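Okay, structure first, notes after.
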Amino acid sequence: MDNIVDSLSNAYKEFVEAAATVLEAKEISGGQKTVATDAALENFKQRWELFRVACDQAEEFVESVKQRIGSECLVDEATGSVAGKSGQATTGLPPISAVRLEQMSKAVRWLVLELQHGGTAGGSVHAHPSVPFDTRFSEDGAQ
Numbered sequence: 000m001d002n003i004v005d006s007l008s009n010a011y012k013e014f015v016e017a018a019a020t021v022l023e024a025k026e027i028s029g030g031q032k033t034v035a036t037d038a039a040l041e042n043f044k045q046r047w048e049l050f051r052v053a054c055d056q057a058e059e060f061v062e063s064v065k066q067r068i069g070s071e072c073l074v075d076e077a078t079g080s081v082a083g084k085s086g087q088a089t090t091g092l093p094p095i096s097a098v099r100l101e102q103m104s105k106a107v108r109w110l111v112l113e114l115q116h117g118g119t120a121g122g123s124v125h126a127h128p129s130v131p132f133d134t135r136f137s138e139d140g141a142q
């Protein structure tokens, strides 16, 4: 994470410095187009692109961490591993195993993909080979 923050910070500093260089070159040239102003503008464009890339990388990192934390919290909640912690409210629902939760998660992802790609998703989830579970039964076979 420190690497991403350092990269973003450095890219920002270089971008701001390039902007200042453009302004100085324009001032020195009296607003006229010169080789120096063109070079400063080109450098500014490059630094802008590098800054955007650094921002995109930082955003991707934050999103991946958010997803990982959300998944871990969901698994903890669903498996009941947070029920023993003080201050945590319980839902009254029996916990489910992490394996079962992953199966259900895959089923939901499959349905979302079907809907995004214009599929009807009206068929049974069980028809899809990567989602082999029956929601009517728990993992141990009891209803």
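Residue numbers (numbering that gives the first Met the number 0): 0 to 142. Where is the CB? At the ideal position from N, CA and C, for every residue including glycine. Since the model is a prediction, treat every value here as computed from it, not as a measurement.
Continuous alpha helix (DSSP H) stretch holding residue i: start and end
i     : result
SER96 : Here SER96 belongs to no alpha helix (DSSP H), and DSSP marks it neither H nor E.
THR20 : 1-27
Beta-carbon proximity list for residue i, same chain, < 6 Å, skipping 5 on both sides
i     : result
ALA10 : LEU49, PHE50, ALA53
SER6  : ALA53
ALA24 : ALA35, THR36, ALA39
Candidates the options: closest to residue i by CA position
i     : options             : result
GLY38 : GLU26, THR20, GLY29 : Before going on, a small fix: residue 38 reads as Ala here, not Gly. That would be THR20, whose Cα lies nearest to the Cα of ALA38.
PHE43 : LYS12, VAL4, PHE60  : LYS12
Cβ-based neighbour list, residue i, same chain, cut-off 7 Å, excluding 5 preceding and 5 following
i     : result
LEU40 : VAL21
ILE3  : GLN56, ALA57, PHE60
TRP47 : PHE14
ALA18 : PHE43
Outcome for residue i when other beta-carbon atoms lying within 10 angstroms are tallied against a minimum of 16
i      : result
GLN102 : buried
SER123 : Confidence is the limiting factor: at SER123 the pLDDT is only 47, short of 50, which leaves the residue's position unreliable and the question unanswerable from this model.
Spatial neighbours of residue i in its chain, beta-carbon cut-off 8 Å, leaving aside the 5 residues before and after
i     : result
SER28 : ALA35, THR36
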